[in-house]
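What follows is a single structure, written as structure tokens, with notes after it.
In UniProt numbering, the protein residues as written are 1 to 74.
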């Protein structure tokens with residue numbers, strides 16, 4: 001029973017990192033209204049380029065990774 005709990009304690013945080021990575025890399029979409037039309041604007045992906053809005057997409061991924069790292073260190 002203890003091994004199963006330890007396995008879950010390590011697997012679920014890694015699953016959270018994977019899900020945030022998928023969310024930021026392929027699913028993130030903003031909807032913009034122009035007049036009477038609503039159009040999707042793709043915000044997904046990662047970038048290091050200056051002035052690119054996708055630079056912020058690293059933040060949720062790295063914060064989640066940091067939380068997982070700190071929780072495993074305890």
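No residue lacks a Cβ here, since even glycine has one placed at the ideal position from N, Cα and C.
From the DSSP output, in three-state form, read off residue i for me.
i, result
"residue 89", "No statement about residue 89 is possible, as the shown extent of the chain runs from 1 to 74 and does not include it."
"residue 50", "coil"
"residue 66", "helix"
"residue 71", "helix"
"residue 25", "helix"
Using the Cα positions of residue i and residue j, report the straight-line distance between them to the nearest angstrom.
i, j, result
"residue 34", "residue 3", "55 angstroms"
"residue 47", "residue 38", "26 angstroms"
"residue 75", "residue 69", "Residue 75 is absent from the structure shown; the chain starts at 1 and stops at 74."
"residue 45", "residue 67", "21 angstroms"
"residue 13", "residue 40", "31 angstroms"
"residue 15", "residue 43", "22 angstroms"
On the DSSP letters alone, give me the boundaries of the alpha helix (DSSP H) that residue i sits inside.
i, result
"residue 2", "2-22"
Are the CB atoms of residue i and residue j nearer to each other than 7 angstroms?
i, j, result
"residue 17", "residue 50", "no"
"residue 62", "residue 21", "no"
Less than 6 angstroms separating the Cβ of residue i from some heavy atom of the ligand NAD?
i, result
"residue 19", "In the structure on display, the ligand NAD does not appear, and there are no ligands present to speak of."
Which first and last residues belong to the beta strand (DSSP E) in which residue i is found?
i, result
"residue 32", "29-34"
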